[in-house]
Each structure stands twice: as structure tokens, then as C-alpha cells.
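Take a look at the structure set out below.
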Amino acid sequence: MLQRGKTLARTPEPTRDPAQLERELAEALLTPGSAEEMTRLLRDLCTPAEIRSIAERWHVARLLDGTDLSYRDIHDATGVSTTTIVRVARFLRQEPHRGYRAAIDALGQSNVR
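Numbered by our numbering, the letters in the sequence shown go through residues 630 to 742 in order.
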């Protein structure tokens with residue numbers, strides 16, 4: 630079986646190593662070639678509640694970056710808890726991972742002020 634980039638897939642070995650599990654998941658998430666394929670993978674990997682939670686966080690990140698809405702306005706419009714909104718804002722603006730920032734920039738959605 631070939632993965633994207635023409636790399637032969639490794640035979641999996643049982644592990645409990647969180648870093649290895651995270652890396653393997655990240656590699657799997659890179660394989661879909663379209664939004665439809667990614668949706669199918671997410672539906673296999675996650676429960677509907679997990680997908681909703683991830684989708685809400687992504688939506689909040691885009692709202693925080695691309696609008697002037699307050700946390701309360703976002704909560705009122707989306708129903709997402711203010712705790713989640715604050716957490717997303719922290720990761721968008723302060724945490725070193727920069728995952729939200731990279732994805733927003735890659736999609737050309739940034740409205741940096």
C-alpha cells in the first residue's frame with residue numbers, strides 16, 4: 630500500500646508511546662486528497678460528538694481571526710462555550726504550536742489586524 634508521497638507504509642507494531650501514536654495519526658491525516666476523503670476518514674476515526682467538537686473549535690478559530698466579534702457574541706451565535714472560545718483564542722494567539730495559525734494562513738483566510 631502506498632501513502633501520499635510514494636512512501637511504502639510500515640507494518641504497524643503495537644505501542645503505547647504517545648509521541649509515536651500522535652505522529653502516526655498525523656501521517657494518516659495527511660493522506661486524504663480531498664475534503665470528501667477527509668470527511669470519510671474523520672467519520673471512521675471519531676464519534677459524531679468528537680467531530681462536532683473539532684469542527685466547532687475550527688469555526689471559532691476562524692471567527693476569532695477573521696471577525697471583530699467578542700467572545701460573548703461568538704458564544705451567542707454558535708452556542709460554543711466561552712471556556713472553549715477562550716481556549717481556542719489562547720492557542721490561536723499565544724501557544725507555540727501555531728497549528729490554527731498555519732491552517733488559517735494556508736487557506737488564505739487570515740484577516741490579521
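Note that beta-carbon positions come from the ideal geometry of N, C-alpha and C, so glycine has one too.
Taking buried to mean at least 16 other C-beta atoms within 10 Å of its own C-beta, is residue i buried or exposed?
i: Arg742; result: Unreliable positioning characterises Arg742 in this predicted model, as indicated by a pLDDT of 43, which lies under 50. The coordinate reading is nonetheless provided below. Arg742 comes out exposed.
i: Arg691; result: buried
Can you name the start and end residues of the alpha helix (DSSP H) that residue i belongs to?
i: Gln649; result: Pro647 to Leu658
i: Leu674; result: Ala664 to Leu674
When the Cα of residue i is compared with those of the options, which residue comes out closest?
i: Asp705; options: Thr660, Val689, Ala718 and Leu671; result: Val689
i: Trp687; options: Gly737, Ile733, Pro643 and Arg639; result: Ile733
i: Glu656; options: Arg639, Gln723, Thr676 and Ala735; result: Arg639
By DSSP, does residue i sit in helix, in strand, or in coil?
i: Leu698; result: coil
i: Arg727; result: coil
i: Pro677; result: helix
i: Arg639; result: coil
i: Thr707; result: helix
i: Thr644; result: coil
i: Leu692; result: helix
Segment contact, 8 Å Cβ cut-off, at least three pairs: the stretch 643–658 with the stretch 691–700:
no
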